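Residue numbering for the sequence shown follows the numbering used here, beginning at 48 and increasing consecutively.
Right, one structure below, let's go through it.
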Amino acid sequence: MACNGWRDRIVHRWLRIPYRLSVRYKRLRRPFTTTYVLIHGLADTGALWQPLLAQLPKQSNYIVVDLLGHGESPQPHDESIYRASEQARHVLATCVATGLSGSVVLIGHSFGALVATEFSHMYRGIVRRAVLVSPPIYRDETGSRRDWLRQDKLLRSVYRQVLKTPDLVVAGYELGDRLGALGFSRTQLSKNTFTGFENTLRAGIISQRTGQLLRRTTIPTIIIYGRLDPLLVARNFTALAQVNSCITVRPLSTGHAIRGRTLREIMTVIQSC
């Protein structure tokens with residue numbers, strides 16, 4: 048959804064009024080009980096979570112949104128609006144407008160996990176638990192070994208180089224989609240939606256503070272990740288769990304996408320909530 052430039056800047060940047068995101072799925076059957084808020088990742092949409100929704104308890108509440116710059120949500124050009132902390136504001140405002148009235152369990156995949164971390168930090172009073180699936184947490188400051196920072200630096204460098212070739216990025220996602228490498232959902236990345244992709248990658252992933260927030264979080268947090276995922280720095284997760292007893296790490300022999308094994312692990316965590 049295209050945005051009106053000057054009006055958007057006044058309303059959302061200067062007045063800091065959150066965007067209303069597209070609500071892809073919702074079910075609010077039991078007021079004042081826990082609601083699952085599911086947040087997708089980069090170049091994805093809320094459709095990612097459809098297989099999971101079918102397995103949730105029949106009377107459970109849930110809200111699934113398309114993040115800013117993705118799916119049917121607005122696509123502003125201001126890069127700062129795409130920070131994970133800003134996305135968290137948009138998610139909360141949208142959930143409240145949709146009818147959220149109780150506590151939440153956050154489930155975020157990839158960049159959505161970074162948004163969930165910011166949400167937990169900013170609105171900790173309503174968050175019961177956070178489930179972070181394949182979170183790209185970089186430059187974690189819980190350790191000082193240089194090889195950790197080199198890996199983070201390498202990934203950031205790769206991302207910056209990738210952004211110089213939009214056509215190649217779009218073609219790569221389309222190929223991954225056709226090969227089924229992207230998991231359950233269908234990517235909607237195209238030349239028309241590349242602005243949202245680029246701004247999210249720059250402001251939300253390359254620039255982030257997720258590791259710092261997780262070091263001091265008091266919210267029970269589960270990190271689920273695949274050992275075969277090339278986008279992650281797995282030792283960052285272990286280091287976080289060592290300094291914060293609220294964090295539990297669950298490694299799997301999987302990749303970045305949510306597939307059967309990862310989906311089952313998420314359901315196991317949900318059932319324990």
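Glycine included, C-beta positions come from ideal geometry on N, C-alpha and C.
Values in this document were obtained by computation on a predicted structure and should not be read as measured data.
Is it the case that the CB of residue i approaches a heavy atom of the ligand GDP more closely than 7 angstroms?
i: V316; result: By its list of ligands, the structure shown contains no ligand whatsoever, and the ligand GDP lies outside what it can speak to.
For residue i, which residues in the same chain have their Cβ closer than 7 angstroms to its Cβ, ignoring the five residues on either side in sequence?
i: Q102; result: M314
i: N246; result: G116, E126, Y129
i: L248; result: L89, Y206, L210
i: L147; result: T82, I110
i: T301; result: G273, L275, R308, T309
Is the beta carbon of residue i less than 8 angstroms from the beta carbon of residue j?
i: L236; j: V209; result: no
i: G116; j: G258; result: no
i: F79; j: G149; result: yes
i: E119; j: L260; result: no
i: V316; j: D199; result: no
i: L310; j: P98; result: yes
i: V162; j: I253; result: no
i: R67; j: N108; result: no
i: I305; j: L95; result: yes
i: I294; j: V174; result: no
i: H168; j: T264; result: yes
i: L222; j: R262; result: no
i: R63; j: Q106; result: no
Reducing DSSP to helix, strand and coil, say where residue i ends up.
i: R171; result: helix
i: N239; result: helix
i: Y109; result: strand
i: Y220; result: helix
i: I305; result: coil
i: P277; result: coil
i: K73; result: strand
i: T80; result: coil
i: P123; result: coil
i: T164; result: helix
i: L260; result: helix
i: L299; result: strand
i: R249; result: helix
Quick one: what's got a C-beta closer than 6 angstroms to residue i's C-beta in the same chain, skipping five residues either side?
i: V70; result: V112, T145
i: R114; result: Before going on, a small fix: residue 114 reads as Leu here, not Arg. If we look at L114 and ignore the five residues flanking it on each side, its Cβ neighbours are Q134.
i: P65; result: R136, H137, A140
i: H303; result: S181, D276, L278
i: G307; result: none
i: R186; result: D199
i: S132; result: E165
i: C320; result: V152, R176
Please name the residue, chosen from the options, that lies closest to residue i on a Cα-to-Cα basis.
i: T268; options: G307, A177, S204, L147; result: A177
i: I110; options: E312, Y129, G155; result: G155
i: L299; options: F284, D125, G273; result: G273
i: R256; options: R175, R207, I184; result: I184
i: L278; options: S107, L68, S204; result: S204
i: V84; options: R308, V152, Q318, F158; result: V152
i: T92; options: A250, G159, L201; result: G159
i: S157; options: T240, L147, S319, G251; result: G251
On the DSSP bridge list, what partners appear for residue i?
i: A177; result: L153, T268
i: Y206; result: BP columns for Y206 are empty, so no partner.
i: G294; result: Note that residue 294 corresponds to Ile in the displayed sequence, not to Gly. Answer is T268, bridged to I294.
i: I86; result: G155
Beta-carbon within less than 8 angstroms of residue i's beta-carbon, same chain only, minus the 5 sequence neighbours each way: which residues are those?
i: R297; result: I269, I270, I271, Y272, E312, V316
i: K238; result: P213, D214, V217
i: T285; result: V296
With 8 angstroms set as the bound, which would you pick, yes or no: does the beta-carbon of residue i sit closer than that to a beta-carbon of chain D?
i: G116; result: Here there is only one protein chain, and chain D is not present.
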